[in-house]
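Heads up, the sequence shown is in the working numbering, so the first residue is 6 and it goes up one at a time. Think of the CB as a built atom: it goes at the ideal place given N, C-alpha and C, for glycine as much as any other residue. Note sheet for the following structure.
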Amino acid sequence: MVEASLATPDGQVGAAAAAGESQSFIEVRDLVAAYGGALAVRGVRFSVRKGEQLSLLGPSGCGKSTTLRCVAGLETPVSGEIVIDGRVIFSSKLGINVPTERRDLSMVFQSYAIWPHMTVFENIAYGLKVRRRGRQETRQRVEEVLRMVGMEEYIDQPATNLSGGQQQRVALARSYAYVPKALLLDEPLSNLDARLRARMRDELKELQRQFGATTIFVTHDQEEAMAISDRIVVMSKGVIEQEGGPMEIYDTPRTRFVADFIGAANILAGGLVEDPAGGPGVFTVGEATIRCAPRLKPPRRTAEGRHLLAVRTVYPELQRRPQPTQENQWPAQIRRRVLLGDTVNYTVDWPGGELKVHGFPRDLLAEGERVFLHIPAERALPIDADLETAS
Numbered sequence: 006m007v008e009a010s011l012a013t014p015d016g017q018v019g020a021a022a023a024a025g026e027s028q029s030f031i032e033v034r035d036l037v038a039a040y041g042g043a044l045a046v047r048g049v050r051f052s053v054r055k056g057e058q059l060s061l062l063g064p065s066g067c068g069k070s071t072t073l074r075c076v077a078g079l080e081t082p083v084s085g086e087i088v089i090d091g092r093v094i095f096s097s098k099l100g101i102n103v104p105t106e107r108r109d110l111s112m113v114f115q116s117y118a119i120w121p122h123m124t125v126f127e128n129i130a131y132g133l134k135v136r137r138r139g140r141q142e143t144r145q146r147v148e149e150v151l152r153m154v155g156m157e158e159y160i161d162q163p164a165t166n167l168s169g170g171q172q173q174r175v176a177l178a179r180s181y182a183y184v185p186k187a188l189l190l191d192e193p194l195s196n197l198d199a200r201l202r203a204r205m206r207d208e209l210k211e212l213q214r215q216f217g218a219t220t221i222f223v224t225h226d227q228e229e230a231m232a233i234s235d236r237i238v239v240m241s242k243g244v245i246e247q248e249g250g251p252m253e254i255y256d257t258p259r260t261r262f263v264a265d266f267i268g269a270a271n272i273l274a275g276g277l278v279e280d281p282a283g284g285p286g287v288f289t290v291g292e293a294t295i296r297c298a299p300r301l302k303p304p305r306r307t308a309e310g311r312h313l314l315a316v317r318t319v320y321p322e323l324q325r326r327p328q329p330t331q332e333n334q335w336p337a338q339i340r341r342r343v344l345l346g347d348t349v350n351y352t353v354d355w356p357g358g359e360l361k362v363h364g365f366p367r368d369l370l371a372e373g374e375r376v377f378l379h380i381p382a383e384r385a386l387p388i389d390a391d392l393e394t395a396s
C-alpha cells in the first residue's frame with residue numbers, strides 16, 4: 006500500500022477538503038473493523054478538530070479501543086478511511102495503509118509501557134533520539150516536558166523507582182516530547198487508585214490546555230469523559246450512539262443506552278402524544294400526564310410499542326408546599342432516603358409510579374413525608390428505545 010494526500014488523480018484537492026469539511030484535523034469515515042470474523046466496529050464516523058480533546062466513551066467491548074488502534078495503525082480495518090492533517094493514512098478503497106511509525110502519532114497505553122531498564126530521561130528521550138534530534142535539543146525538551154508534569158527532580162532516576170502515578174506522568178511526558186500530530190490515550194488512568202486517578206485526570210486536562218494537542222481519549226469512565234473532554238462520542242456494540250459536548254449529551258440523551266450510561270436517569274415507559282407543530286409533547290405514565298420537551302422527529306418505540314421518557318435524577322424538585330402556577334406537579338411521598346454525606350438519594354412514590362430524586366442534605370425530607378413533586382417540562386426527554394428492541 007502507498008501513502009496519499011487528499012489530492013485527486015488529476016492533482017486537484019478533493020471536494021470535501023476544498024469545502025473545508027468541518028475543518029477537521031482527524032477524520033474517521035465509515036470505519037469497519039473485525040476480530041476473528043466478528044465485527045467490532047461497524048461504520049463508525051467522526052472527526053476531531055485541531056487542538057480538540059475528544060473522548061470515545063463506552064463499556065468494554067463497544068469498539069472504542071479498536072477504533073483508536075485503527076487510527077494508530079496497530080490494527081488494520083476491514084474498510085473505511087482515516088485522514089490526519091489532510092493526509093490519507095488509511096483507505097480501503099485507495100489501497101492506502103501508512104505504517105504506524107510514519108503516522109506521526111503518539112500513544113499512551115493503560116499499562117504505561119515504561120522501559121524498566123532505562124532512566125526517566127532515557128525513557129522520554131527515546132523518541133527524540135529515533136528522530137535524530139541533537140543532544141542539547143533533546144536534553145532541553147526532556148527537561149521542559151518533565152517540568153510540565155512536575156517530575157523534573159526525577160530526571161535521572163531509574164524507572165523502577167517510580168510509583169504507578171509517576172510512571173503514568175513519564176508516559177505522558179514521553180508522548181508530548183517530540184510534538185506529535187495527535188495524542189492517542191487508551192484508558193491511561195484505569196490502573197490508578199481512585200484518588201490518584203482523579204488528580205491525574207485534572208492534570209491531564211491542564212496538560213492538554215498547555216500543549217494544545219489534538220487528542221483522542223478512550224475511557225469507560227463517564228466522569229473522566231465529562232471532566233476532560235471538549236466533545237464525547239458514546240459507543241455501544243461497535244456503533245456510535247451519540248456525539249456532542251459533555252453537557253449536551255448529559256442534558257439531552259437521545260437513546261436509552263446514553264441516558265443509562267451517562268449519569269443517572271429515571272426511564273419511564275408509557276404513551277407519547279406529540280405536538281404536530283413541533284411544540285412540547287404529552288407523555289402518560291401510570292396516572293400521571295407529563296408535559297415534555299419536543300423532539301425533531303418521533304422517537305423509536307420499544308418492541309411492545311411503548312415510548313420512553315428520560316428524567317435525570319438531579320432535575321426533579323421535591324417541595325413541601327405546592328406551587329399554584331407550576332405544571333408537571335403532583336402529590337408524592339418519600340418511600341426511602343439514603344444519606345451519602347454531601348448528597349442524598351430519595352425514592353418517591355407518585356401517580357406515575359416510582360421515581361429516583363437526587364438532592365442535597367441542607368433541607369432533609371423524612372421517610373414517609375408527604376411532599377409535592379415537580380418535573381420541569383424541558384427536563385422530561387422523549388428518547389429512542391435501544392436499536393435491538395425497537396419496533
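(request) For T224, count neighbouring Cβ atoms within 10 angstroms of its own Cβ and tell me buried if that reaches 16, exposed if not. (result) buried
(request) Run the CB neighbour count on P163, radius 10 Å, all protein chains shown included, and call it buried at 16 or more, exposed below. (result) exposed
(message) I'd like to know whether the C-beta atoms of K55 and T219 end up nearer to each other than 8 Å.
(response) Yes, these two residues count as a Cβ contact at 8 Å.
(request) Can you grab the Cα-Cα spacing for the pair P104 / V33, in whole Å? (result) 17 Å
(request) Less than 8 Å between the CB atoms is what I'm expecting for I272 and A315, so what's the real figure, rounded? (result) 6 Å
(request) Can you tell me which of F266, F216 and E158 puts its alpha carbon nearest to the alpha carbon of D226? (result) Closest option to D226, Cα to Cα, is F266.
(request) Name the two residues that bound the continuous alpha helix (DSSP H) containing Y40. (result) For Y40, there is no enclosing alpha helix (DSSP H); the enclosing beta strand (DSSP E) covers residues S29 to Y40.
(message) E372 and R342 - do their beta-carbons sit closer together than 8 Å?
(response) yes
(message) I need the boundaries of the alpha helix (DSSP H) containing K55, first residue and last residue.
(response) It is not in any alpha helix (DSSP H) - K55 carries neither H nor E in the DSSP assignment.
(message) Closest to E279 by C-alpha separation, out of D235, V76 and L313, would be which residue?
(response) L313
(request) Provide the residue span of the alpha helix (DSSP H) that contains Y159, from first to last. (result) No alpha helix (DSSP H) contains Y159, which DSSP labels as neither H nor E.
(request) Identify every run of the beta strand (DSSP E) within the stretch 316-354, keeping only runs that are complete inside it and at least 3 residues long; order them along the chain. (result) 322-324 and 334-344
(request) Please say whether L188 and V175 have beta carbons closer to each other than 8 Å? (result) No, these two residues do not count as a Cβ contact at 8 Å.
(request) Quick one: measure Cβ to Cβ for K186 and D109, integer angstroms, because I've assumed they're closer than 8 Å. (result) Yes, they are in contact, since the Cβ atoms of K186 and D109 sit about 5 Å apart, within 8 Å.
(request) At 4 residues or longer, and completely inside the stretch 208-267: list those alpha helix (DSSP H) runs for me, N to C. (result) 227-233, 251-256 and 261-266
(request) Just the C-alpha distance for E211 and L151, rounded to the nearest angstrom, thanks. (result) 14 Å
(request) Please check the pair M240 and G63, which I expect to be a contact at CB under 8 Å, by giving their CB distance rounded to whole angstroms. (result) 4 Å
(request) Return yes when the Cβ of Q173 is within less than 8 Å of the Cβ of M205, no when it is not. (result) yes
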